[in-house]
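Numbering (full-length UniProt numbering), first residue to last: 1 to 689.
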């Protein structure tokens with residue numbers, strides 16, 4: 001019998017798991033390192049899959065200790081406010097944890113271990129995560145779940161098109177950029193199919209590549225109570241086509257010739273031209289695509305109703321579900337506003353970028369998008385390119401690599417000069433005509449109103465912070481990801497006057513079919529640092545010491561989350577395997593709930609040098625959803641909040657974040673100077689170890 005959980009045991013450090021005898025130590029942030037892998041270019045893409053370890057079920061004691069530790073900043077705040085005795089409140093929760101460990105929790109842990117033993121890939125994803133985080137969620141995918149990514153311009157496009165806000169709809173350059181994007185997408189798929197993409201590695205340790213298989217020919221299909229994922233077989237003829245949307249008209253377009261090769265960018269351009277001409281000649285379409293933006297329960301009923309109206313409708317739905325990806329050709333450029341420069345606030349806003357992201361994420365009020373599709377590429381009339389995706393098959397990092405590949409090479413104009421080869425099997429495309437009735441028309445109108453309200457409430461904007469980037473953080477020997485996380489916490493405090501639970505996405509791709517774990521970014525150390533930053537009498541050297549301590553703690557949490565020693569997925573699973581009649585005071589504690597109210601929900605991608613920006617919707621009505629790209633000399637933040645909330649403002653948070661980052665640089669520079677003047681360099685070095 002292991003020793004019981006005690007308050008003193010909380011002080012024992014946890015040990016990171018080892019993989020094949022190699023300890024993974026985190027000095028600069030595991031997540032950040034995961035995004036800068038050094039692949040072995042001689043190995044096939046999926047070479048390591050059979051050798052990857054399975055995600056372990058963490059020891060129950062370890063999870064409970066870390067959970068109690070994570071409550072410390074909340075308990076400390078209550079104690080500072082005079083509301084509670086911190087020792088007494090901690091002791092209560094240690095007692096609840098001890099009771100759970102030796103009682104109900106013991107049985108729950110055994111159930112999880114048995115479940116893990118019989119799970120084919122991953123005890124978490126096979127049984128809980130995909131279902132609970134995504135497929136059972138009934139909220140609309142629009143804003144609530146899908147991610148979005150705006151890609152850089154192609155400078156091959158003439159300025160008269162690229163920089164103009166009202167270019168001709170479906171002009172030749174828009175169609176060319178769309179055709180080139182299709183080419184690049186298919187080139188990447190070919191690399192995947194032939195396993196020519198090197199497997200991702202970190203310090204010689206392989207990462208799971210399974211989610212690379214879930215970008216093409218994938219769709220989330222709505223069903224009552226729980227959706228399902230559809231992956232088309234390669235033998236399905238529809239799996240060789242793409243779905244093109246033009247003014248809510250939908251087309252199924254062949255992209256391969258009879259020999260299985262891409263038809264070429266010139267032929268692709270011609271097929272897109274024919275589709276857009278057909279859409280322009282047709283009567284305005286009833287917006288069947290907008291139904292995908294409805295709540296999942298209602299969309300499931302309407303999809304079934306639509307399918308039952310006609311066998312053609314059933315065939316259309318299967319065609320879309322099985323297609324490679326969606327391509328949305330927008331007949332306009334989302335409105336470009338003149339950038340105001342009357343205040344610092346306006347200087348932080350670039351309407352061109354915001355309009356680009358907004359159209360990528362939502363289309364024109366939810367139109368001309370099929371939100372169920374894993375990947376949708378959108379091209380506006382001035383050739384702006386965006387990428388939007390459904391979240392359940394894979395996390396946004398993997399499709400972002402595909403997006404980067406698409407824009408890495410600009411259009412080769414000479415490839416468009418040859419005459420397109422005529423197909424012997426017909427035009428190579430067909431319009432998806434729908435049989436509809438008054439019910440479907442009413443539902444489309446209803447969802448249109450609902451979408452407009454949802455989108456108007458979404459306050460999403462980009463911040464490009466160009467004062468410094470990752471290079472400065474590294475020169476100070478500070479983890480870039482942890483540094484940014486501290487900046488976000490300070491910004492929240494400046495904006496809200498308090499602290500909150502913080503969610504950062506940690507990758508668990510070290511394990512077979514690994515996805516994510518929570519990095520609980522808020523800690524006692526980060527709280528103490530934020531408080532010191534708000535104390536006008538505090539010395540910069542003290543603030544710097546506290547910042548280094550907070551970053552060090554964050555790095556430890558990042559390492560734990562990435563190496564299978566996180567706590568939140570484990571706690572979720574323990575609750576889910578509890579049987580009727582079983583209770584636990586630990587889970588009934590109000591602090592258990594509030595410590596998971598992620599009103600600051602954050603995730604980092606990569607340097608994003610070829611990205612304009614990225615984003616996702618905040619899961620809480622009174623919080624912020626923040627996706628960031630950390631470049632060498634620039635930091636890009638995609639920030640989303642809700643306009644209906646009186647206490648949050650994306651603009652105000654941008655101001656607070658700029659203030660936070662600038663003050664952190666001052667703290668580093670002046671703090672180092674103070675410590676050098678006081679002869680404390682050795683102490684500073686030791687504090688980083």
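Backbone N, C-alpha and C define an ideal beta-carbon position, used for all residues, glycine too.
Query, Result
"From this set, 638, 195 and 667, which residue's C-alpha is nearest residue 653's C-alpha?", "638"
"Determine which residues share a DSSP beta bridge with residue 206 and list them.", "201"
"Using CA coordinates, which residue listed in 98, 74 and 112 is at the minimum distance from residue 570?", "112"
"Compute the beta-carbon to beta-carbon distance between residue 547 and residue 473, rounded to the nearest angstrom, for a pair I have assumed lies under 8 Å.", "11 Å between Cβ atoms; not a contact."
"Three Cβ pairs or more, each shorter than 8 Å: is that satisfied between the region 228–235 and the region 302–315?", "no"
"Roughly how many angstroms lie between the CA atoms of residue 102 and residue 584, to the nearest whole one?", "11 Å"
"Tell me which residue opens and which closes the beta strand (DSSP E) that residue 252 is part of.", "249–254"
"Taking 9 Å as the cut-off, decide whether the C-beta atoms of residue 243 and residue 235 are in contact.", "no"
"Which residue from 326, 240 and 275 puts its Cα closest to that of residue 259?", "240"
"When DSSP labels each residue in this structure, what does residue 332 get in the three-state scheme?", "coil"
"Quick check on residue 535: does DSSP put it in helix, strand or coil?", "coil"
"Below 8 Å, how does it come out for the region 574–590 and the region 551–558: are there three or more Cβ pairs, yes or no?", "no"
"Mapping DSSP to helix, strand and coil, what is residue 268?", "helix"
"Report back the beta-carbon spacing between residue 429 and residue 326 to the nearest angstrom; my notes put them in contact at under 8 Å.", "With a Cβ gap of about 14 Å, residue 429 and residue 326 do not count as contacting."
"CA-CA distance, residue 515 and residue 606?", "17 Å"
"Between the region 144–164 and the region 604–618, do at least 3 Cβ pairs fall closer than 8 Å?", "yes"
"Using 8 Å for Cβ pairs, my map puts residue 623 next to residue 644. What's the rounded Cβ distance?", "Rounded, the Cβ-Cβ distance is 13 Å, inconsistent with contact."
"Mind checking whether residue 66 and residue 567 have CB atoms under 9 Å apart?", "yes"
"Within the same chain, show all residues whose beta-carbon is closer than 7 Å to that of residue 411, passing over the 5 residues directly before and after it, in chain order.", "154, 156, 176, 177 and 180"
"Taking the alpha carbon of residue 482 as the point to measure from, which residue in 549, 369 and 433 has its own alpha carbon closest?", "549"
"May I have the straight-line CA-CA distance separating residue 37 from residue 202, to the nearest angstrom?", "Any reading at residue 37 must be qualified, since the residue scores a pLDDT of 45, below 50, and its modelled position is unreliable; the value itself is stated next. Their backbone Cα atoms lie some 5 Å apart in a straight line."
"Residue 333 and residue 380 - do their beta-carbons sit closer together than 9 Å?", "yes"
"Hey, how far is the Cα of residue 227 from the Cα of residue 218?", "13 Å"
"Jot down the residue ranges of each uninterrupted beta strand (DSSP E) in the region 408–445, minimum 3 residues, whole runs only, in chain order.", "429–431"
"Starting from residue 191 and walking both ways along the alpha helix (DSSP H), at which residues does that stretch end?", "172–193"
"Below 6 Å CB to CB, which residues in the same chain sit around residue 469 once its five sequence neighbours on both sides are set aside?", "631, 632, 633, 634 and 635"
"Would you kindly work out how many angstroms separate the C-alpha atoms of residue 484 and residue 46, rounded to a whole number?", "33 Å"
"Using three-state DSSP, classify residue 48 as helix, strand or coil.", "coil"
"Who are residue 244's beta bridge partners in DSSP?", "251 and 327"
"Do the region 134–142 and the region 288–300 meet, that is, are 3 or more Cβ pairs less than 8 Å apart?", "yes"
"Please report how far the alpha carbon of residue 444 lies from the alpha carbon of residue 438, in whole angstroms.", "10 Å"
"For residue 400, does the count of other Cβ atoms within 10 angstroms reach 16, so buried, or fall short, so exposed?", "buried"
"Entirely within the region 478–565 and at least 4 residues each: give me those alpha helix (DSSP H) ranges in chain order.", "480–496, 524–533 and 540–562"
"I need the straight-line Cα distance from residue 693 to residue 522, nearest angstrom please.", "Outside the shown range of the chain, which is 1 to 689, sits residue 693, and nothing can be said about it."
"Which whole-angstrom value is the C-beta distance of residue 76 and residue 527, which I expect to be below 8 Å?", "6 Å"
"List the endpoints of the continuous alpha helix (DSSP H) containing residue 662.", "650–677"
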